[in-house]
Amino acid sequence: MERIPHSQLIMLLIIFEFTATISFVLGPLAAVSNYDAWIALIAAGMIGWGFAWISYKLAMRRPQQFFVQYGSQIIGRWLHIPLSLLLVFYFLHSASIILREFGDFMVTEYYQQTPIWAVAAVIGLCVACAVRIGFEGIFRCAQGFFFIILGSIFIVPFFINKEMNFAMMSALVKHRELPEILRGAYLASPMYGGIFVILVFFPWIKNGKKTMRSLGLATAVAIFCVLIHLVPAMMIFSPKLVGDLTYPDLELMRYISVGDFLENLDPILVASWSSGIFLTISLYLFCAVFSLSQLLKMPDYKPLSFSVTAIVVTLSITMARSSNELTLYMKHAGMLFAYICQFAIPLLYLTVDTIRGKFQKTKYPAK
Amino acid sequence: MTIFRWFKTAKSALGNPGLDPIRSVAGQPNANPQQPSDLEEAIDAPISMEQRIGWYREQFDRCSDVVYFSFVAGAGTACSVIFIQGIINEETLHRQIIEAAMTIRSGESSEQFVRQLFEGRRLPVSSMDITASLTEGLRRILLGEVLLIVDGDARMILFPIEKFAMRAVSNAENEVVIRGPRDAFVEDISTNLTLLRRRLKSPALKTETYFFGKHTQTKVLITYIDGICMEGLVDEVKHRLSRIRIDGVLGSSYIQEAVADNPFSPFPQTMYTERPDVVAGALLEGRVAIFVDSTPMQIIAPVTFYMMMQSAEDYYQNYISATWIRWIRYLYLLISLLLPSLYVAVTTYHPEMLPANLLITVAGSRDIVPFPAIVEAFLMEISFEAIREATVRMPKQIGQAISVIGALVIGTAAVQAGIVSGAMVIIVSITGIASFIIPHYELGLALRVLRFPIMIMAGVFGLLGIVTGIILTFLHLVSLRSFGTPYLTPTAPLVLADWKDVAVRAPWWRMKARPHLYQTDHEKREHFGKPKLPEEEGSS
Amino acid sequence: MSASSLSRIWKVIGCLAICLPLTGCWSRVEINDRAFATMMYVDKGEIEGNVKLALTFALPNRLIPSQGGGGGSGTQGNPYDVVSKEGKNVAIAYRLIQSDLSRKINWGQLRVIVIGEGLAKRGIQPLLEFLAREPDFHLKAYVFITEGETTHLEEAPAVFERLPSEVLREFAKQRTVINTSLKDLLVARYYGNDTIISMLVSPKKKMISEKNKTARWIGTGGAAIIRDGKMSTKMAVNEMRGGLWIMNELKDAVISIHSPTDGGEISYRVVKAATKIKPEVRKDKIVFHITSKAQGDLVSVDSDLNPSDPKQHELVARELSKEVERRIKAALDKTQKIGADSFILGRYLEWNYPKEWKQIKNNWDTIYENQVEFDIRASIEVKSQGTITKSPWERWAG
Amino acid sequence: MVLLILVYLLIFGYEWMFARRKQMDRRSITIVMILLVCGFLYAAIQIVYPYSLTPNPLLQEAFRPLSHMIWRE
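Chains as they are written, first to last, in the working numbering: chain Y, 15 to 381; chain Z, 265 to 804; chain B, 7 to 404; chain C, 75 to 147.
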């Protein structure tokens, strides 16, 4: 197995962290934390990084083994299997949520007549192929798309700076309300906490010790990428309108006005961004498939890819009857579920492992 | 990962001496890994000349071009030569073998003559080979050698004086350059080798010979530069070649298909070239070239996607303009793959993308067209493909006529009749030009093929369909390998050092390291620093 | 190997079979089956409470110089058409229009919305509701209010441009009028729903281009102050120009002043205008400091003033600044009089004094009317004097 | 529904071929097939009874007390 170099890891995680955030979280974030959205976003990134730190600590205990395989040594078989299943379900669920949101987006904005299952199936096909090709395929794909996606994200602020109201800067500096920041961070941190997935494939990362640095870098860049869309959006639309719009980032892209020709390039930008969404879903799905295959002690994870993708696609279509329902779910359960999987489960393992290590020093020398 | 596992098994197989293809010394045809099955076991020659000639007559039954000539050499030894008419140099045979053998030296006994003959002291020839196997003799006769049978000695002598009809070295036709060397490979493998030798005058240039094809016995040379090329790569090439079982090899593409990593890919996984300088360049980068007899196209492996976007001309031009041209090529690569699908997607799904004035123009031109955009695009693209194929295959004079008719029919008449829109004609022509800009023909072909499924996707899903098509293509490319080297090497996986010859064409004084190949240790090249300005030179 | 090639065949069949049902091409609409709405007129309907919606469509087949096959259309008639219908609300009117068209209406090119005065007085909220929900609309679309009925405007030919919508877009781009976009209307909802929309006029005029027939000309004129979603008063052109200063939208303007020396007209072209607004909360009032900076280029001098004399020069510059201050003041006074914070000055307060804003947010309109003061300062530097340095008048005099 | 069956049949066929080519062990094949059947059943139930249970309401129920604490609604 060729190991994953850090450059690939960083690139994939940047895409993984910001693509879904930029399109689906911008609105709720601005609605909840108003002018403090940018602080909330940075805080969310830090929190997400903190979550990943727990997973990293846990993974570093046995850097050569896969979490799903050694987990039962820590907390016992009967607790480990349901928890792992929960994790697998979380990955599947996250993948299908993003797929659903993407489908909703496409169907409302561009393909009004198209049924959502068609969009989901097309992306599902890509994702299944990606997982089938394997782990390094996803990472290399990320590397190939990285510059395109990042480029399309970075050009937007340059084209809309004419429309921005820079006088609002003072508001961004002067407003400071803790509850608003906390709420925003609460909303956005699961998007960044998603990087705890490194726990699943940690042994494949080349030079695992440096992982934390890479994660930090990835998170920082991802925060930056979201910020350069969030702040202009707030400056143009005012935070309240950003919170009111269903897809503020799309409206931002549509606001580009440089000459007549570049005025309506939003579909192109959306196209490049949707390849980022594809990578995000692929990574979640890969984690699910890989953990599941290890849990079932299968020699290879690839045969599972198509069947699991089919489940994800059906789940994404059926999980909510309307986009409203999905929003409600995200508000009331989605975040908490994410917190439990990203934070509580790794923490549980880590604590138990530490306590055990203290009692049985011979077995695992504590660091 | 499957490829990985496969690679591993391949490695272990290589370690096994039983499977190791037989190494041969450069230039010396050796026992072949694959012999005609009915001649598998070597038959030891009987002493009697008649018996041997009789055996050969039996083998060459009804072969009217085989010549058996018996004569009495000096000192009264009965000899005979067997050869195939037309594929040997009869002049040499006559002067240096028969005439020399027939000269009678005074006081030479028959035994002396035979001994001197086999010791290579009797005949003024540059090379000869001795064998005692009838089958070996048979095989070598077919390769264009002359077999000399001496009565009373079981050994036989083979003179490699083959001379096939061949074309003279001429200008490269497919890979034309303006400033670089003009010579191109021909069908004759030894001429080709000389063309290469002329460029690489180094003992490190190794050439190993194999023969393939049960009936064609085509000579195949593996060439590489020892010390630059990885040992593992050469072993891998040999291993893959050793799997070949084939009736005939009529062109290098036979070998090419047999050694590909992913046989189901539309993308070429080895490169062909007709230019000796390209082969030399590839060898200097640590790659392996496979020469195949009777074809002017030699194979280079491993290759990457970006190698095929480079032309030999890039290295003979100023590096700044070469870089610019390279970028133009990348742009047109995208255009040739995507433009028709983009047109379909934009006009049928995202008309708001076009600025108002352009939109009205396009809409106006499409107003009278009876077909949906996707059908129109398909119609035009397919007829364009037909015209292209017709012009390539036909003799030149007819080809011109076809292109004139094609241009007339597609360009003017169809638009005026209102069957296709003017915009579509523009799109198709740009796409057509774009596909000619790709330097490597096979890559262009692959993109031409891929254009159609992406067009369907665009017709069904608009831009989302195009993105899906790109993602699927990209996933395929990412998983593709050419002899272990990932196909998209400098971009995915990212090797920034190699971008010097991909994103730009760096000047030679910046090309300090060879490109990154799978498992290579990335050796440094001999290089010189940046040329100094005269005033800098003066001060230092 | 046979199994593997078989599986490949399966894969290919699979891909095809998955594609087959997808060939429904649900969202596909050919470009020649679409009608591109380029402009939208909304006015009150004949029946009380109704809305009249009119859409201008570009007719591509008439815009193209057709060669041969097109069937000889071209010069006959206008390259656009206006279709109008009346309904209970905009959405219903839109459905009615759609049902009368052979092509599907596409909103992607719609950049200009014109509201009739009658509807504007009734309130623009129902219109906003429709526009904001429809995903195809761009928030960039410019909004105008027309004097009188929109029908007049519909009749006006586009003389300089191919389509009438282009005329209005160019107005907005030149920034000679306040350009209010859909986005601005949406933002205004959060600050008491007061805003300002520039107005169009359509006087009758004899047109040489239309073979000397009398037709309507599309022109600009003033602006409408929207108070609580309803148009309340008009603003004259000069006041609107002041508004442009406040909104920092001025690109170039010609300002004429009376010479301090003899009262003759001196005109300046003002460029590079930049306005900064700073609120200040004092005990019982709120002061907005409005500082404008610009550069003035001399256009013409109809007085005995000597522009090359630095002293006189400074005098004129001061006068020019005062004129600008007056204009700004006039615009602000107009809005303050009716208690409509049309320039959304409230947001400056929100940005800089978040706590104070929270307290006064709910009765901001009354506070704006009574307790807000303006401190307007304009400083205009006169830099260039044009091609000649001396006035032609001077020679005559001398 | 027809579509769903078609899609699942395709996946089934593909997996079956893949399994045969790779000579996968029985266990893996069984697992894959069971997963396929589960996915199919879930999808079929969702189609036949559109208002049947999905994981989201379940999760929402499970987290209700916590989310009440957070949003105070």
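From the three backbone atoms N, C-alpha and C, an ideal C-beta is built for every residue, glycine too.
Since we're looking at a predicted model, the values are computed, not measured.
Item                                                                                                                            : Value
Option nearest Q323/Z by Cα separation, candidates S693/Z, Q661/Z, G401/Z                                                       : G401/Z
I718/Z at chain Y interface by Cβ criterion, 8 angstroms                                                                        : no
Coarse secondary structure for V389/Z, derived from DSSP in three states                                                        : coil
Under 7 angstroms (Cβ pairs) to chain Y, residues found in the region 106–131 of chain C                                        : V106, L109, L110, G113, Y116, A117, Q120, T128, P129, N130
8 angstroms Cβ cutoff, I79/C in contact with chain Y                                                                            : no
Cβ of T341/Y within 8 angstroms of any chain C Cβ                                                                               : no
Cross-strand partners of T186/B (DSSP beta bridge)                                                                              : V149/B
Pick from S575/Z, H740/Z, I638/Z, M366/Z that is closest to T341/Z, judged by C-alpha positions                                 : M366/Z
Nearest to L23/Y (by Cα), restricted to the options V240/Y, A352/Y, V211/Y, G371/Y                                              : V211/Y
Closest residue to R431/Z among F449/Z, A681/Z, P795/Z (Cα-Cα distance)                                                         : F449/Z
Residues of its chain near I163/Y, where Cβ-Cβ distance is below 8 angstroms and the 5 sequence neighbours each way are ignored : I29, T33, S286, W287, S289, G290
Contact list for I53/B against chain Z, beta-carbon separation under 7 angstroms                                                : The contacting residues do not exist; I53/B stays about 34 angstroms from chain Z at best.
Below-8 angstroms beta-carbon distance, P604/Z vs any chain B residue                                                           : no
Chain-ordered chain Z contacts of L279/Y [CB-CB under 8 angstroms]                                                              : M617
Neighbourhood of S374/Z by C-beta, 7 angstroms cutoff - its chain only, sequence neighbours within 5 removed                    : A339, G340, T341
Any chain Z beta carbon closer than 8 angstroms to G122/B                                                                       : no
Simplified DSSP state of R462/Z, which is helix, strand or coil                                                                 : helix
Identity of the residues DSSP links to M205/B by a beta bridge                                                                  : I151/B
Distance between I346/Z and T399/Z (C-alpha atoms, nearest Å)                                                                   : 13 angstroms
Spatial neighbours of S334/Z in its chain, beta-carbon cut-off 6 angstroms, leaving aside the 5 residues before and after       : S344
Distance, L116/B Cα to I219/Y Cα                                                                                                : 51 angstroms
Every unbroken alpha helix (DSSP H) within the region 535–580 of chain Z, with a cutoff of 4 residues, ordered by chain         : 540–548
D263/Y classed as buried or exposed, judged by whether at least 16 other C-beta atoms fall within 10 angstroms                  : buried
Bridge partner(s) assigned by DSSP for P285/B                                                                                   : F294/B
Cβ contact check for the region 289–306 of chain Y and the region 187–204 of chain Y: 3 or more pairs under 8 angstroms         : no
Members of the region 185–215 of chain B that neighbour chain Y once the beta carbon cut-off is set at 7 angstroms              : K189, L192, V193, Y196
Beta-carbon proximity check, A126/B vs I151/B, cutoff 8 angstroms                                                               : yes
Beta carbon proximity, I111/B to chain Y, threshold 8 angstroms                                                                 : no
Top-ranked residue by Cα proximity to D43/B, from K179/B, D87/B, P132/B                                                         : Checking the displayed sequence, the identity of residue 43/B turns out to be Ala instead of Asp. Measuring from the Cα of A43/B, the nearest candidate turns out to be D87/B.
Outcome for S33/B when other beta-carbon atoms lying within 10 angstroms are tallied against a minimum of 16                    : buried
Buried or exposed by the 16-neighbour rule on C-beta atoms within 10 Å, applied to H479/Z                                       : exposed
Candidates Y116/C, A136/C, T128/C: closest to I225/C by CA position                                                             : Since the displayed chain C opens at 75 and closes at 147, residue 225/C lies outside it and no answer follows.
Partners in chain B for K176/Y, counting only beta-carbon separations shorter than 8 angstroms                                  : Going along chain B, no residue has its Cβ under 8 angstroms from K176/Y, so there is no contact; the nearest lies around 11 angstroms.
Given A132/Y as reference, the closest of H791/Z, L739/Z, T732/Z, G416/Z once Cα atoms are compared                             : T732/Z
Minimum Cβ-Cβ distance from E114/B to chain Z less than 8 angstroms                                                             : Note that residue 114/B corresponds to Gly in the displayed sequence, not to Glu. Yes, contact with chain Z.
Within-8 angstroms CB hit, I624/Z to chain B                                                                                    : yes
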